[in-house]
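**Q** Take the working numbering: the final residue in the sequence shown is number 440, and no numbers are missing along the way. Glycine included, C-beta positions come from ideal geometry on N, C-alpha and C. Have a look at this one before I ask anything.
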Amino acid sequence: MANATDHLWMHFTRMASYPAGEVPTIVRGEGAYVWDAQGRRYLDGLAGLFVVNAGHGRAELAEAAAKQAGELAYFPLWSYAHPKAVELAEKIATLTPGDLNRVFFTTGGSEAVEAAWKLARAYFKRTGKPTKHKVVSRYIAYHGTSMGALSITGLPGIKTDFEPLVPGGIKVPNTNFYRAPEHGDDAEAFGRWAAEEIGRAIEREGPETVAAVFLEPVQNSGGCFPPPPGYFERVREICDAYDVLLVSDEVICSWGRLGEYFGAVRYGYQPDIITTAKGITSGYAPLGAMIASERLMEPFLTETGMFAHGVTFGGHPVSCAVALANLEVFAREDLIGHVRANEGAFRSTLEKLYDLPIVGDVRGDGYFYGIELVKDKTTRETFDEAESERLLRGFLSTALFDAGLYCRADDRGDPVVQLAPPLIADQQHFDEIEQILRAVLTEAWSRL
-7 MANATDHLWM
3 HFTRMASYPA
13 GEVPTIVRGE
23 GAYVWDAQGR
33 RYLDGLAGLF
43 VVNAGHGRAE
53 LAEAAAKQAG
63 ELAYFPLWSY
73 AHPKAVELAE
83 KIATLTPGDL
93 NRVFFTTGGS
103 EAVEAAWKLA
113 RAYFKRTGKP
123 TKHKVVSRYI
133 AYHGTSMGAL
143 SITGLPGIKT
153 DFEPLVPGGI
163 KVPNTNFYRA
173 PEHGDDAEAF
183 GRWAAEEIGR
193 AIEREGPETV
203 AAVFLEPVQN
213 SGGCFPPPPG
223 YFERVREICD
233 AYDVLLVSDE
243 VICSWGRLGE
253 YFGAVRYGYQ
263 PDIITTAKGI
273 TSGYAPLGAM
283 IASERLMEPF
293 LTETGMFAHG
303 VTFGGHPVSC
313 AVALANLEVF
323 AREDLIGHVR
333 ANEGAFRSTL
343 EKLYDLPIVG
353 DVRGDGYFYG
363 IELVKDKTTR
373 ETFDEAESER
383 LLRGFLSTAL
393 FDAGLYCRAD
403 DRGDPVVQLA
413 PPLIADQQHF
423 DEIEQILRAV
433 LTEAWSRL
């Protein structure tokens, strides 16, 4: 739309890159596709923003929202409840691993992460360890943009404008095996090394000062880093040894993205807290949650106990109603099983791109993949900052969209193309993704 930049301030957007005001404007969605204002169709290879897990155009989710708005449009969860929040919290508790039965609703992922850090601090203050306040997270990892969540985030480029941030954020190596600084020929040994780096960081800071470790099951930023074998098992042991909470940040990795309701289940570890959002409603309404264990709730169950935190629209009745309807779709259509049955085909289709000289690595799990781009496959030489700028923003992002594929070309780590289609996607969509990527990446290589 020509007037889109007159008043609309878009998120994470170089506003000057639209000098004529012509911003791509998406007006409709159906299944795995979206359409722009000119009627052009695009395969949604990112599920919006890792969000539209059940696919676009689900009338029943819109109807659930309208029905709830007609009955009770809003009421807060501040000392009161409403039926949909109660029902949804109960449903979530049946799906989480272990005794993660306490559901604190937010409106999105950053708020869920913020709430988790506040809970970790408050819990230790109430249990006689008031100096435990720091958090450990990984380099290049994204955990949100509110001030606390941004301190946990490991991306310097999106932090500098807002410093000084909340103190206490400690960074450790991530699990990018393709660029492993140690044990690059042994995934299990690399995983143990990466886990031990968390223990060493806790020791350096002093265990009496560290409250929590925040990890995504598959790290998003940097291009989909799955955990090496044994990684989370060892991290759990380290957290137990130092009395540190393990927070599984599943804002992206929950609700089927990895072929389970929660990524922690896929990789077989037990967190103390799960943070979630995005796919819980498939994007039909905003909602997030921090899900905590019974142990963490106990200090707040005294006569005057209170977790002094809340947000106005956390657990909004309309959003909770949509989430419940969304989970009914998941169950009826077995979307979790669909991902498990088709993830191998998705991977093998993307791996066809290995014959291109620009493709260095294809990595991920479930319906969540990153394709790392390189200058030299043999040496794994990456692109410098100026080359990445020309490759990603100067060509790839626009060329992929123009070719009919909406996805993410990102260089917050090394240059990657990220893919996370709606969970309804099947082989026809995988083939379409591969064909578009092949054509555009081939042209990109010819331009280098």
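By a C-beta neighbour count over all protein chains shown, 10 Å radius and 16 as the cutoff for buried, is Asp394 buried or exposed?
**A** When all chains shown are included, Asp394 counts as exposed.
**Q** Taking 7 Å as the CB-CB cut-off, is Gly260 touching chain D?
**A** The question asks about chain D, but that chain is absent: this structure has only one protein chain.
**Q** Give a yes or no on whether the C-beta atoms belonging to Ser274 and Phe206 are separated by under 7 Å.
**A** Result no, Cβ atoms of Ser274 and Phe206 do not sit closer than 7 Å.
**Q** Closest by CA to Asp376, which one among Gly405, Leu392, Gly352?
**A** Looking at the Cα atoms, Gly405 is the closest of the given residues.
**Q** Measure the C-alpha to C-alpha separation of Ser311 and Val321 and round it to an integer number of angstroms.
**A** Taking the straight line from one Cα to the other gives about 15 Å.
**Q** Can you name the residues that DSSP bridges to Gln410?
**A** Answer by DSSP bridge pairing, in chain order: Gly362, Arg400.
**Q** Does the count of Cβ pairs from the segment 251 to 270 and the segment 47 to 67 closer than 8 Å reach three?
**A** With a cut-off of 8 Å, the segment 47 to 67 and the segment 251 to 270 do not count as touching, because too few Cβ pairs lie within range.
**Q** Please classify Lys344: does DSSP put it in a helix, a strand, or coil?
**A** Helix.
**Q** Which residues in the same chain as Thr137 place their Cβ atom closer than 8 Å to its Cβ, once the five residues preceding and following it in sequence are excluded?
**A** Excluding residues within five positions, the ones whose Cβ falls inside 8 Å are Ser102, Thr145, Ile150.
**Q** Please return the same chain residues whose Cβ sits closer than 7 Å to the Cβ of Asp474, not counting the five positions on each side in sequence.
**A** Only positions -7 to 440 of the chain appear in this structure, which leaves residue 474 out of reach.
**Q** Along the chain, where does the beta strand (DSSP E) containing Val227 start, and where does it finish?
**A** Careful: Val227 lies outside any beta strand (DSSP E), inside the alpha helix (DSSP H) at 223 to 233.
**Q** Quick one: Cα of Thr341 to Cα of Asn45, how far?
**A** In a straight line, the C-alpha of Thr341 is about 20 Å away from that of Asn45.
**Q** Between Pro159 and Ala39, what straight-line distance do the alpha-carbon atoms span, to the nearest angstrom?
**A** Computed Cα separation, rounded: 34 Å.
**Q** Buried or exposed for Val331, please, with buried defined as at least 16 other CB atoms from any protein chain shown within 10 angstroms of its CB.
**A** Per the 10 Å Cβ criterion, buried.
**Q** So what does DSSP say about Phe442, is it helix, strand or coil?
**A** No information on residue 442 is available, as it lies outside the stretch -7 to 440 that the chain covers here.
**Q** From what residue to what residue does the alpha helix (DSSP H) around Met289 run?
**A** Start and end: 286 to 289.
**Q** In three-state DSSP terms, what is Tyr34?
**A** Note: Tyr34 maps to strand in three-state DSSP.
**Q** Measure the C-alpha to C-alpha separation of Cys216 and Lys369 and round it to an integer number of angstroms.
**A** Roughly 19 Å separates the two Cα atoms.
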